[in-house]
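Notes follow the structure.
2 protein chains.
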Amino acid sequence: MDCSIVESKKYPDFFLISTTDFFYPLVEDPYLQGKVAAANVLSDMYALGVVDIDNVLMILAASRDMPADQRRIVTKLMMRGFNDLCVEAGTKVTGGQTVLNPWPIIGGVAKSITKEEDFIRPETSVAGDVIVLTKPIGTQLAVNAREWVADEQKWDQVKDLGVSIEDVDRAFKISVGSMSRLNRTGARLMHKYNAHGATDVTGFGILGHADNLALNQKAKVELRIHTLPIIKHMKILADRYKYFHLMEGYSAETSGGLMVLLPKENAQAFCDEVSRIDKWPAWIIGDVLSAKDKSCATIAPDVKVIEV
Amino acid sequence: MDCSIVESKKYPDFFLISTTDFFYPLVEDPYLQGKVAAANVLSDMYALGVVDIDNVLMILAASRDMPADQRRIVTKLMMRGFNDLCVEAGTKVTGGQTVLNPWPIIGGVAKSITKEEDFIRPETSVAGDVIVLTKPIGTQLAVNAREWVADEQKWDQVKDLGVSIEDVDRAFKISVGSMSRLNRTGARLMHKYNAHGATDVTGFGILGHADNLALNQKAKVELRIHTLPIIKHMKILADRYKYFHLMEGYSAETSGGLMVLLPKENAQAFCDEVSRIDKWPAWIIGDVLSAKDKSCATIAPDVKVIEV
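Just so you know, the sequences run in chain order C and B. UniProt numbering applies: residue 1 is where the first sequence begins, and numbers increase by one. UniProt numbering applies: residue 1 is where the second sequence begins, and numbers increase by one.
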C-alpha cells in the first residue's frame, strides 16, 4: 500500500512499481540495522506480490555527531548489512546518495518493471476470505524493553511483572530476526494461493494497516482480527505500558510481516508453506466479513493471543 | 553519470533508469528551493537523454529545529515548488517518505522504463567532437556572496573589488533561475543532434564532471575546455576567494547545465535551438582531443571567460 504503481509513458502494459523508505537506526548493531532497513524497504514491494526486484538505491546519512573513526565503521557496517540482505533478495544496490547529517539515516528505494500479472493489486478481497499474518507483532515494545534493562529505575518497574532480563533478551532477538527477515516467500506464495491483496505491517500498527487495506478493497468489507500473534512476554509489558497501544493494534512495527487476504480454503496451505520454507510460523488471524456502510478493520473483543 | 541503468529481470531489452538526489536547502525561499531540488534530481535523467520521466518519489525531512507553524509553512512551500517543477517536466510525484530531522532535507527519486533507443550512454565520444554547456557556472559563489551582503565585515572586503549589492543580487537571481530550470530541452536535442554522451554539472565542478565524462568514454580522449561561461561578477570574486576554485573548474554547482559531447558540425545548431526554446544561451566550451595514455579533462591555459 506504500508503493507507487505507474504505467510507463512509452510502453503500454508495463508498470513501474517503486517505493522508498528510510529512518533512524533503532537497533545498536549497525550491521543488523542495515539488514532491517533493507528488509523494510523491500517489504513494500513484496506486499504487492512483486517477487523480483530489479534494483535498489541506497539512502544514507552518516552521523555528523559521531567521532570520525566510529562514523566510518558504523556507516560501513550499515551499508554491508543493507547490501547483504539485498543480495539475499536476489537484487542489488546500484547507486544512491549519502549525506552528512546530525542523525544517521538508513533506507533505500526499490523498484521493478512489471506487467499486470507480476503483481497483485490489494483490492479484490471478498467476504469469506481470511486474514493471514507472517510475522508476530510486538517489535517496538521489545526494542524499548531492551533499552530499559540499562536503566535501573525503569527496569525495577519491569521486574515487578515477572519478566526477566533473559525474557527481554529473547524477545529482542526474536524481534531482530523477524525485522531482518525478507517477506519474499510470502510474496511468491501470494500468487500460488491466489491472494486477494496484502499489506505489510509497519508504522501504523496491525490495526492501522488492516484499516487501510480494508478501505482499499472494491467490496465493502470488515477485516475482523480474532487472533494476535505476539512476541512472548510483550503482552505483559503492553498491559502495564498502555501507551504503546499494542493490544488495541496500534503499536508501530518495523519491517513487520505481510497481512494477506486469502480465499479461506487456501489459507492453511499458505501458512504451512511459509513455515516450511522460512522456518518461521504464519497464522490465520482473522476473517473478512461484509460491511454495511464503510469498510473497516476491527479487533474482536474476545481476541485470542498466541505467544510466540 | 549519476543514474543507475539496469536491465529488467523479467523483460529483456527493457531498462530501468533511476537516480536519487537530496540535500539541504541553500536558498532562503522554500518554494524556489523545492524547484531547485526537483530540477537537480531530474537533471541526472536528462543527462542520459531520457526525456520522459515516468514518476518521481519525494524525499523530505521537516526541520525539528523550526517552530511548528514555521515548519508547516516551509515544508508545504518546498513540496509545492518540487511538485510544480515535476508537473512542468511532464511527470508527477507519486509518493515518497517524510521524516522529522534536525536539518531540513529535500530531494527525490526519478525513474523511467526505457529501451536502448530512449537514452544515450555517455561513452561514444571521439576526437573531433566538441563540448557544449547549457548553463553558466558560478552558482555556489553567487549563493555565498548573497549571504555576505548581510555581514558587514565580509561585505566590506567585497566592496573593495568594485562589486555592488545590485551586482550580487543580479548574480543570485541568475543563479536561482538557472538552478531551477529543467535540462529537458537539452535531453531532447541530444537525440536530434546525435550526442555522443553527456553529464550534468553539479558537486564536483565543471572540471570534475568533465573528467568523469572523459574516463567513461570508450575511446581515449581529452576534454579540453577553452571557454568558461561564468555568471557576471563571479570571476572577480573567484580571483579574490580562491578557495572556491572556480577558475580551476572545481567550484560545486547545484542543478547545473548539461555538458554534452557532440559532433562538431551539429554543435552550433544544438546551441541555437536550446537558446531559442529555453531563452537561455548555450555555448561551445571545448574540444574533444585524442589522448595518448589515460582519458582526462583539462582547462586550456588561455581559457576565455564569457560573462553571462
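All C-beta atoms, glycine included, are put in the ideal place defined by N, C-alpha and C.
Neighbour-count burial assignment, Arg184(B), 16 or more Cβ in a 10 Å radius:
Counting from one through the second sequence, the residue named residue 184(B) turns up at place 184. Buried, by the Cβ-count rule.
Among the residues of its own chain, which have a CB less than 7 Å from the CB of Ser43(B), if the five just before and after it don't count?
The residue labelled residue 43(B) in the question sits at position 43 within the second sequence. Only Asn183, Asp200, Ser255 meet the Cβ criterion.
Among Glu7(C), Gly108(C), Lys192(C), which has the Cα closest to the Cα of Gly49(C)?
Translated into the one-based positions of the first sequence, residue 49(C) becomes position 49. Among Glu7(C), Gly108(C), Lys192(C), the Cα nearest to that of Gly49(C) belongs to Lys192(C).
Thinking residue 360(C) and Gly81(C) are a contact (beta carbons under 8 Å), I'd like their distance in whole angstroms, please.
Given a span of 1 to 308 for chain C in the structure shown, any question on residue 360(C) remains unanswerable.
Do the CB positions of Thr298(C) and His196(C) come within less than 9 Å of each other?
Counted from its first residue, the first sequence places residue 298(C) at position 298. Counted from its first residue, the first sequence places residue 196(C) at position 196. Cβ atoms of Thr298(C) and His196(C): not closer than 9 Å.
Can you pull the chain B neighbours of Ser8(C), defined as C-beta to C-beta under 7 Å?
What you label residue 8(C) is simply residue 8 of the first sequence in a count that begins at 1. Chain B residues near Ser8(C): Asp54, Ile113.
For a contact defined as C-beta to C-beta under 8 Å, what are the partners of Asp156(C) on chain B?
By one-based count along the first sequence, residue 156(C) stands at place 156. Per Cβ cutoff of 8 Å: no residues; Asp156(C) is ~32 Å from chain B at best.
Which residues of chain C have a Cβ atom closer than 8 Å to the Cβ of Phe23(B), listed in chain order?
In the second sequence, counting from the first residue as 1, residue 23(B) sits at position 23. In chain order: Val99.
What residues are listed by DSSP as bridge partners for Ser63(B)?
Along the second sequence, one-based indexing puts residue 63(B) at 63. Asn101(B).
Contacts of Pro102(B) in chain C (Cβ-Cβ under 7 Å)
Start at 1 with the first residue of the second sequence, and residue 102(B) comes out as number 102. The contacting residues are Pro102, Trp103.
Taking the DSSP output, what are the residues bridged to Arg224(C)?
On the first sequence, position 224 is the one that residue 224(C) refers to. Asp287(C), Thr298(C).
Beta-carbon contacts of Met79(C) that lie in its chain and below 8 Å, excluding the five residues immediately before and after
What you label residue 79(C) is simply residue 79 of the first sequence in a count that begins at 1. Taken in chain order, the residues that qualify are Gly34, Met58, Leu60.
Pair within 9 Å by beta-carbon distance, Leu77(B) and Ala38(B)
Here residue 77(B) is taken as the residue at index 77 of the second sequence, counted from 1. Here residue 38(B) is taken as the residue at index 38 of the second sequence, counted from 1. Not closer than 9 Å, so no.
Counting C-beta neighbours from all protein chains within 10 Å, is the total for Ala150(B) 16 or more, i.e. buried, or is it exposed?
What you label residue 150(B) is simply residue 150 of the second sequence in a count that begins at 1. The residue is exposed, with fewer than 16 neighbouring Cβ atoms inside 10 Å.
Measuring CB atoms only, is the segment 107 to 119 of chain B touching the segment 241 to 253 of chain B, in the sense that at least three cross pairs come out at less than 8 Å?
no
Helix, strand or coil at Phe119(B) [DSSP, three-state]
Taking the second sequence and counting its residues from 1, the one referred to as residue 119(B) is at position 119. The answer is coil: DSSP assigns Phe119(B) none of H, G, I, E or B.
Closer than 8 Å by beta-carbon distance: list the chain C residues that pair up with Gly95(B), in chain order.
Locating residue 95(B) in the second sequence gives position 95, counting from the first residue. Going along chain C in sequence order, the residues near Gly95(B) (Cβ under 8 Å) are Asp2, Cys3, Ser4, Ser18, Thr19, Thr20.
According to the neighbour-count rule (16 or more other Cβ atoms, all chains shown, within 10 Å of its Cβ), is Pro301(B) buried or exposed?
Translated into positions along the second sequence, residue 301(B) becomes position 301. With fewer than 16 Cβ atoms within 10 Å of its Cβ, Pro301(B) is classed as exposed.
Name, please, each residue of chain B whose Cβ falls closer than 8 Å to the Cβ of Asp118(C).
The residue labelled residue 118(C) in the question sits at position 118 within the first sequence. By Cβ distance, chain B contributes Lys10.
Which residues DSSP lists as bridging Val274(B), in chain order
Position 274 of the second sequence, counted from the start, is the residue given in the question as residue 274(B). Bridge partners of Val274(B): none, in fact.
Return no unless some Cβ of chain E is closer than 9 Å to the Cβ of Leu57(B).
Any reference to chain E falls outside this structure, whose protein chains are C and B.
Taking the alpha carbon of Lys235(C) as the reference point, which residue from Leu161(C), Gln217(C), Ala198(C), Asn194(C) has its own alpha carbon closest?
Taking the first sequence and counting its residues from 1, one reaches residue 235(C) at position 235. It is Leu161(C) whose Cα lies nearest to the Cα of Lys235(C).
Identify the continuous beta strand (DSSP E) that holds Ile131(C) and give its terminal residues.
Here residue 131(C) refers to the residue found at position 131 of the first sequence. Segment 130 to 133, the beta strand (DSSP E) holding Ile131(C).
Kindly indicate if chain C contains any beta-carbon less than 9 Å away from that of Phe14(B).
As a position in the second sequence, residue 14(B) is number 14, starting the count at 1. Yes, Phe14(B) counts as interfacial toward chain C.
CB-CB length for Gly128(C) against Lys264(C), believed under 8 Å:
The residue labelled residue 128(C) in the question sits at position 128 within the first sequence. The residue labelled residue 264(C) in the question sits at position 264 within the first sequence. Between Lys264(C) and Gly128(C) the Cβ distance is about 6 Å, and since that is below 8 Å, they are a contact.
Contacts of Val87(C) in chain B (Cβ-Cβ under 9 Å)
The count along the first sequence starts at 1 and reaches residue 87(C) at position 87. Going along chain B, no residue has its Cβ under 9 Å from Val87(C), so there is no contact; the nearest lies around 14 Å.
Would you say Gly177(C) reaches chain B, if we count a Cβ-Cβ gap shorter than 9 Å as a contact?
Mapped onto the first sequence, residue 177(C) falls at position 177. With 9 Å as the cut-off, Gly177(C) does not count as an interface residue toward chain B.
Can you list, in chain order, the residues of its chain with a C-beta nearer than 7 Å to that of Trp155(B)? Leave out the 5 residues immediately preceding and following it.
For the purposes of this step, residue 155(B) is taken as residue 155 along the second sequence, with counting starting at 1. Trp148, Val149, listed in sequence order.
Please name the residue or residues paired with Thr199(C) in a DSSP beta bridge.
In the first sequence, counting from the first residue as 1, residue 199(C) sits at position 199. Answer is Met259(C), bridged to Thr199(C).
Phe172(C) lies in the alpha helix (DSSP H); which residues open and close that run?
Here residue 172(C) is taken as the residue at index 172 of the first sequence, counted from 1. Residues 165 to 179.
CA-to-CA distance, Pro136(B) to Glu307(B), given in whole angstroms
Your numbering for residue 307(B) matches position 307 in the second sequence. Your numbering for residue 136(B) matches position 136 in the second sequence. Cα to Cα, the separation comes out at about 9 Å.
Short Cβ contact (9 Å threshold) for Thr91(C) with Met259(C)
Translated into positions along the first sequence, residue 91(C) becomes position 91. Translated into positions along the first sequence, residue 259(C) becomes position 259. Result no, Cβ atoms of Thr91(C) and Met259(C) do not sit closer than 9 Å.
Please confirm if Gly49(C) has its CB atom under 9 Å from at least one CB of chain B.
Walking along the first sequence from the start, residue 49(C) turns up at place 49. Chain B contact via Cβ: absent.
Same chain only: Cβ atoms within 7 Å of Val305(B), ignoring 5 sequence neighbours per side
By 1-based counting over the second sequence, the position of residue 305(B) is 305. The answer, listed in chain order, is Leu228, Ile230, Lys235.
What does the alpha-carbon distance come out to for the pair Val288(C) and Thr20(C)?
Taking the first residue of the first sequence as position 1, residue 288(C) is located at position 288. Taking the first residue of the first sequence as position 1, residue 20(C) is located at position 20. Rounded to whole angstroms, Val288(C) to Thr20(C) spans 30 Å at the Cα level.
Does Gly34(B) have its Cβ less than 9 Å from a Cβ in chain C?
Counting from one through the second sequence, the residue named residue 34(B) turns up at place 34. Taking Cβ atoms only, chain C never reaches closer than 9 Å to Gly34(B), which makes this a no.
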